[in-house]
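Asks: Quick note on UniProt numbering: the sequence shown kicks off at 1 and runs consecutively.
Virtual Cβ for every residue (Gly too), placed ideally from N, Cα, C.
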Amino acid sequence: MQIINKKNPWPKGWGQKTSIMGVINLTPDSFSDGGELNSSEKVLDQVNHFLSNGVDIIDLGAQSTRPGAEEVGSSIEIKRLIPYLKLIKSEFPDVLISIDTFNSEVAYEALINGANWINDVTGGRRDIKILDVISKFNCPFVITHSRGNSQNMNQLSNYQNVLSDVKCSLDNLIKNALEKNISERNIIVDPGIGFSKDIIHNLEILRNLDVFKKWNLPILIGASRKRFIGEILNEKNPKERDIGTLAISCLCSQFNIDIVRVHNVKLNYQILKVADRIYRKL
């Protein structure tokens, strides 16, 4: 089991390997595993399983961001999230925890209760106050490209040029963060695979991951089990899309991507051990 220095918010080997962010959804309606982790025992078992199989950071989410998901609001999100966050930190005090939220109130409550990162699928676009929270806590912040919200994102996948349009949007989001005195060393960039993008857009981004290295910032890719993988594999069940996810994790290793966000930690850890030996010569 990996032990991480509580004073250091970065995973061991950060920047030298393809780090793994393991997904834990505390929601009833997430696309892959909604409603499954509905007890303290199940959540702690999953955390222990992740830690035993090479996870570097755990991403807790209490608001589904899948297309069509209803927004529950900060109070419900906090009610779902904070008890499990406290529980995990009490049982595994050294684990790094990221919080998947775009609400500033949720981010604040999570950070004062031991969270280490904030992973905002809107990059501060939905709730600008989240940038003040990140600045106050001086923590790592994942800035993701997306458009609209869960209700309308699929109608907003129109691009003149997906690579240049996504880069331009991320430029603005990074600028906003820096203007709020968020340290550049705390920014991680995510081009937002699956968010307001169709299969063609997703594949174009994956083929051109080097484009997103222009800022010289860490890059996160979150493609795990997403719909476009199902379209390629003709597989409707998200849990049967791990093989496609593994192909993308190998690609990320080849591009020297810093971190992948995945559901099946064990399989991705195993394949990245091999891929990083090949492509990153570890």
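Comparing C-alpha positions only, which one of 96, 88, 244 and 275 sits nearest to residue 55?
Replies: 96
Asks: Look at the alpha carbon of residue 154 and the alpha carbon of residue 197, and state the distance between them as a whole number of angstroms.
Replies: Approximately 7 angstroms between the Cα atoms of the pair.
Asks: Under three-state DSSP, which class holds residue 121?
Replies: Three-state result, residue 121: coil.
Asks: With distance defined between alpha-carbon atoms, name the residue in 60, 66 and 53 nearest to residue 148.
Replies: 66
Asks: Check whether the Cβ atoms of residue 326 and residue 260 lie closer than 7 angstroms to each other.
Replies: Given that the chain is displayed from residue 1 to residue 282, the structure contains no residue 326 and the question cannot be resolved.
Asks: Tell me the rounded alpha-carbon separation between residue 160 and residue 195.
Replies: 16 angstroms
Asks: Roughly how many angstroms separate the alpha carbons of residue 87 and residue 47, rounded to a whole number?
Replies: 11 angstroms
Asks: I'd like to know if the segment 127 to 137 and the segment 174 to 185 are in contact, where contact means that at least 3 CB-CB pairs between them fall below 8 angstroms.
Replies: yes
Asks: Closest to residue 116 by CA distance: which of 123, 122 and 107 is it?
Replies: Nearest option by C-alpha distance: 107.
Asks: What is the residue span of the alpha helix (DSSP H) that residue 267 lies within?
Replies: 265 to 279
Asks: Taking residue 59 as part of the beta strand (DSSP E), name the residues at either end of that continuous run.
Replies: 57 to 61
Asks: Taking Cβ positions, are residue 199 and residue 228 nearer each other than 7 angstroms?
Replies: yes
Asks: In terms of residues, what are the limits of the alpha helix (DSSP H) holding residue 261?
Replies: No alpha helix (DSSP H) contains residue 261, which is instead part of the beta strand (DSSP E) from 259 to 262.
Asks: Looking only at its own chain, which residues have a Cβ that is under 8 angstroms from the Cβ of residue 271, when we skip the five neighbours before and after it?
Replies: 246, 249 and 250
Asks: Quick one: using the 10 Å Cβ neighbour count with 16 as the cut-off for buried, is residue 244 buried or exposed?
Replies: Buried: at least 16 other Cβ atoms inside 10 Å.
Asks: Does the structure place the segment 39 to 46 close enough to the segment 118 to 125 that three or more beta carbon pairs sit under 8 angstroms?
Replies: no
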